[in-house]
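Residue numbers (the working numbering): 36 to 549. Yeah, the Cβ is synthetic: ideal placement off N, Cα and C, and Gly gets one too. A quick note: this is a predicted structure, and the numbers were derived from the prediction, not measured.
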Amino acid sequence: MSFARVHSAQTFALRGTIINIEVDIARGLHSFSVVGLPDKAVEESRDRVGAALKNTGFDSPKHQNQKVVVSLSPADLKKEGPLFDVAIALGYLLANGTLHFNPEKKLFLGELSLNGDIRPIAGTLLLAQTAYAQGFTELYVPEENAREAALVDGLFVFSVKNLRDLVEHLNEKRTSENTEPKRLVPVPATQIENATTSLGFDFKDVKGQETVKRGLEIAAAGGHNVLMFGPPGTGKTMLARALASILPPLGKAHALEVTGIHSTAGILRGEIISTSPFRAPHHTSSYVSMIGGGTFPKPGEVTLAHRGVLFLDEFPEFEKRVLEALRQPLEDRVVSIARAKGSALFPSDFILIAAMNPCPCGNYGTKGKVCVCSAHEIARYQKKVSGPILDRIDIGLYVGPVSYETLARTDGESSKEVQTRITNARARAEKRFAGSTLTHNREMSSKDIERYARLTDEARATLTSGAEKLGLSARAFHRTIKLARTIADLAESDTIASEHILEALRYRPQIVSQ
Numbered sequence: 036m037s038f039a040r041v042h043s044a045q046t047f048a049l050r051g052t053i054i055n056i057e058v059d060i061a062r063g064l065h066s067f068s069v070v071g072l073p074d075k076a077v078e079e080s081r082d083r084v085g086a087a088l089k090n091t092g093f094d095s096p097k098h099q100n101q102k103v104v105v106s107l108s109p110a111d112l113k114k115e116g117p118l119f120d121v122a123i124a125l126g127y128l129l130a131n132g133t134l135h136f137n138p139e140k141k142l143f144l145g146e147l148s149l150n151g152d153i154r155p156i157a158g159t160l161l162l163a164q165t166a167y168a169q170g171f172t173e174l175y176v177p178e179e180n181a182r183e184a185a186l187v188d189g190l191f192v193f194s195v196k197n198l199r200d201l202v203e204h205l206n207e208k209r210t211s212e213n214t215e216p217k218r219l220v221p222v223p224a225t226q227i228e229n230a231t232t233s234l235g236f237d238f239k240d241v242k243g244q245e246t247v248k249r250g251l252e253i254a255a256a257g258g259h260n261v262l263m264f265g266p267p268g269t270g271k272t273m274l275a276r277a278l279a280s281i282l283p284p285l286g287k288a289h290a291l292e293v294t295g296i297h298s299t300a301g302i303l304r305g306e307i308i309s310t311s312p313f314r315a316p317h318h319t320s321s322y323v324s325m326i327g328g329g330t331f332p333k334p335g336e337v338t339l340a341h342r343g344v345l346f347l348d349e350f351p352e353f354e355k356r357v358l359e360a361l362r363q364p365l366e367d368r369v370v371s372i373a374r375a376k377g378s379a380l381f382p383s384d385f386i387l388i389a390a391m392n393p394c395p396c397g398n399y400g401t402k403g404k405v406c407v408c409s410a411h412e413i414a415r416y417q418k419k420v421s422g423p424i425l426d427r428i429d430i431g432l433y434v435g436p437v438s439y440e441t442l443a444r445t446d447g448e449s450s451k452e453v454q455t456r457i458t459n460a461r462a463r464a465e466k467r468f469a470g471s472t473l474t475h476n477r478e479m480s481s482k483d484i485e486r487y488a489r490l491t492d493e494a495r496a497t498l499t500s501g502a503e504k505l506g507l508s509a510r511a512f513h514r515t516i517k518l519a520r521t522i523a524d525l526a527e528s529d530t531i532a533s534e535h536i537l538e539a540l541r542y543r544p545q546i547v548s549q
């Protein structure tokens with residue numbers, strides 16, 4: 036009877052942590068205990084590991100007169116999930132002398148089924164990045180997670196189907212002189228391929244609404260937040276989904292970041308995310324599902340939309356504290372979650388697209404329609420969107436009814452054509468921000484504006500005059516300059532002219548009928 040140590044890992048928030056699996060076997064009455072703050076899923080690994088070992092042809096710890104202690108360290112960190120199963124099984128086989136290999140620089144992940152098959156897990160990419168950062172050279176993962184793990188350069192990633200194959204690969208002592216042990220081959224590095232965002236909508240499918248499409252193009256070029264308002268059935272949802280089709284593909288660093296977030300949340304379905312995510316939660320979504328949280332903090336929709344679009348339809352119908360909680364991610368592009376058992380800082384750099392009706396019935400101010408709402412109901416409905424939230428939105432767009440003649444047209448720019456202009460505008464911004472941490476115009480601080488957003492004298496006078504007439508706050512004043520900087524980029528202008536300021540002022544959000 037002996038002792039063995041192997042290595043595994045788990046995620047906490049959006050960080051990976053190496054977990055050491057120590058197994059000690061001693062003679063005595065049968066017992067199998069797991070220590071080190073395991074949750075219910077980890078405790079149940081005793082039964083999964085025991086059955087998997089038996090059904091794979093090895094001695095099960097449940098059928099031996101021995102005391103088995105499995106320690107998961109660090110002991111003061113809560114262990115969650117079934118991803119330690121493979122490491123526990125290997126640790127037991129090492130400790131009882133069935134398996135012989137050097138576990139150093141090797142990391143094992145996977146859940147065991149009762150017949151010894153290895154099931155997929157969540158958070159593989161972040162754990163692979165952690166393994167590489169901690170100096171591990173070999174990573175063993177379930178087949179379904181291998182392509183994701185192979186995104187990390189510098190690691191030998193092995194795809195494992197079942198426990199028997201893994202043991203044969205690792206075992207340095209042949210089980211029979213006449214058989215050649217099965218060896219696994221590292222999977223090739225995964226290449227990120229640019230894909231076209233497809234949500235079933237293209238800009239050319241949207242008939243009319245040229246002003247709105249222009250506003251969405253500006254939003255995509257500079258990463259600005261948008262509020263669309265207008266009567267029902269005028270295309271607000273369709274426009275929001277079409278916006279995702281004009282966003283440029285993600286670069287490798289951002290693709291890895293987004294894929295890691297979705298993997299940790301357990302919603303990655305085997306595909307590497309190379310396009311901007313589009314999230315559209317229902318207005319009944321809870322505070323925790325939107326912002327993130329829980330006893331052990333998990334990312335919410337604002338983080339799942341990172342580097343992409345968060346579309347909130349029926350904006351005023353969301354719970355008030357959900358709307359108010361958007362203030363931090365809209366301003367700082369991160370959301371801070373603090374709980375008694377841990378805190379986390381989640382990235383939430385997204386473009387907000389909010390959509391709402393002008394009143395509860397949706398007909399206020401619409402020609403040919405009769406509004407049945409009282410003045411009190413209209414005011415109450417519109418006030419659900421507070422001033423501080425409106426102040427953080429750069430573009431307000433009225434989406435009105437479209438004539439039947441316009442709906443019958445077949446012409447219009449495709450998303451690919453619009454995406455080309457957006458890519459060029461973003462390239463101008465990146466060149467201007469070279470040497471800084473900025474990537475989009477919306478990220479500029481007041482100090483950055485002085486350096487990167489040069490206004491002509493005429494433009495400065497126009498801005499001052501317009502700000503006074505509209506009563507802009509200091510935040511809205513600076514956001515207008517950032518929006519004008521994006522408009523100038525689309526016009527391929529190095530300086531912000533008066534016409535750029537005028538267009539930016541025209542987009543200031545105001546929830547009123549047009």
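Beta-carbon proximity check, residue i vs residue j, cutoff 8 Å
{"i": "residue 339", "j": "residue 389", "result": "no"}
{"i": "residue 505", "j": "residue 537", "result": "no"}
{"i": "residue 30", "j": "residue 267", "result": "The requested residue 30 does not occur in the structure, where the chain is confined to residues 36 to 549."}
{"i": "residue 55", "j": "residue 151", "result": "no"}
{"i": "residue 490", "j": "residue 430", "result": "no"}
{"i": "residue 289", "j": "residue 477", "result": "no"}
{"i": "residue 279", "j": "residue 321", "result": "no"}
{"i": "residue 73", "j": "residue 114", "result": "yes"}
{"i": "residue 364", "j": "residue 391", "result": "no"}
{"i": "residue 265", "j": "residue 393", "result": "yes"}
{"i": "residue 204", "j": "residue 141", "result": "no"}
{"i": "residue 464", "j": "residue 524", "result": "yes"}
{"i": "residue 456", "j": "residue 252", "result": "yes"}
{"i": "residue 61", "j": "residue 101", "result": "yes"}
{"i": "residue 270", "j": "residue 434", "result": "yes"}
{"i": "residue 128", "j": "residue 83", "result": "no"}
{"i": "residue 362", "j": "residue 428", "result": "no"}
{"i": "residue 122", "j": "residue 136", "result": "no"}
{"i": "residue 22", "j": "residue 517", "result": "Because the chain in this structure spans residues 36 to 549, residue 22 falls outside the shown range and cannot be described."}
{"i": "residue 494", "j": "residue 535", "result": "yes"}
{"i": "residue 314", "j": "residue 345", "result": "yes"}
{"i": "residue 508", "j": "residue 426", "result": "yes"}
{"i": "residue 198", "j": "residue 153", "result": "yes"}
First through last residue of the alpha helix (DSSP H) which encompasses residue i
{"i": "residue 50", "result": "Looking at the DSSP string, residue 50 is not in any alpha helix (DSSP H); the run it does join, the beta strand (DSSP E), is 50 to 62."}
{"i": "residue 91", "result": "80 to 91"}
{"i": "residue 70", "result": "No alpha helix (DSSP H) contains residue 70, which is instead part of the beta strand (DSSP E) from 66 to 70."}
{"i": "residue 168", "result": "159 to 168"}
{"i": "residue 481", "result": "481 to 487"}
{"i": "residue 451", "result": "450 to 467"}
{"i": "residue 431", "result": "That residue, residue 431, is in no alpha helix (DSSP H); its beta strand (DSSP E) goes 430 to 433."}
{"i": "residue 409", "result": "No alpha helix (DSSP H) holds residue 409; DSSP gives it neither H nor E."}
{"i": "residue 352", "result": "Note, residue 352: premise wrong, no alpha helix (DSSP H); not H, not E."}
{"i": "residue 292", "result": "287 to 299"}
{"i": "residue 187", "result": "From DSSP, residue 187 is part of no alpha helix (DSSP H); its letter is neither H nor E."}
{"i": "residue 520", "result": "509 to 525"}
N- and C-terminal bounds of the beta strand (DSSP E) containing residue i
{"i": "residue 141", "result": "141 to 143"}
{"i": "residue 377", "result": "377 to 382"}
{"i": "residue 323", "result": "Per DSSP, residue 323 belongs to no beta strand (DSSP E); it is in the alpha helix (DSSP H), 322 to 326."}
{"i": "residue 372", "result": "369 to 374"}
{"i": "residue 108", "result": "101 to 108"}
DSSP beta-bridge partners of residue i
{"i": "residue 42", "result": "55"}
{"i": "residue 388", "result": "261 and 346"}
{"i": "residue 152", "result": "197"}
{"i": "residue 313", "result": "344"}
{"i": "residue 175", "result": "143 and 193"}
{"i": "residue 531", "result": "490"}
{"i": "residue 119", "result": "Beta-bridge pairing links residue 119 to no other residue."}
{"i": "residue 114", "result": "73"}
{"i": "residue 333", "result": "328"}
{"i": "residue 47", "result": "50"}
Assumed close pair residue i, residue j - CB separation to whole angstroms, cut-off 8 Å
{"i": "residue 159", "j": "residue 298", "result": "6 Å"}
{"i": "residue 124", "j": "residue 163", "result": "No, residue 124 and residue 163 are not in contact; Cβ-Cβ is about 21 Å, not under 8 Å."}
{"i": "residue 126", "j": "residue 222", "result": "Residue 126 to residue 222, Cβ: 24 Å. No contact."}
{"i": "residue 487", "j": "residue 514", "result": "About 15 Å separates the two Cβ atoms, so there is no contact after all."}
{"i": "residue 201", "j": "residue 192", "result": "Their Cβ separation, rounded to whole angstroms, is 13 Å, which puts residue 201 and residue 192 out of contact at 8 Å."}
{"i": "residue 166", "j": "residue 116", "result": "Not quite, the Cβ-Cβ distance comes to about 17 Å (not below 8 Å), so this is no contact."}
{"i": "residue 294", "j": "residue 282", "result": "Actually they are not in contact, since the Cβ atoms of residue 294 and residue 282 sit about 16 Å apart, beyond 8 Å."}
{"i": "residue 130", "j": "residue 66", "result": "Rounded, the Cβ-Cβ distance is 15 Å, inconsistent with contact."}
Is the segment 404 to 418 touching the segment 370 to 384, taking contact as three or more C-beta pairs under 8 Å? These segments do not touch.
Segment contact, 8 Å Cβ cut-off, at least three pairs: the segment 493 to 502 with the segment 401 to 409: With contact defined as three or more Cβ pairs closer than 8 Å, the segment 493 to 502 and the segment 401 to 409 are not in contact.
How do the segment 168 to 185 and the segment 96 to 106 stand: do at least 3 beta-carbon pairs fall below 8 Å, yes or no? No, the segment 168 to 185 is not in contact with the segment 96 to 106.
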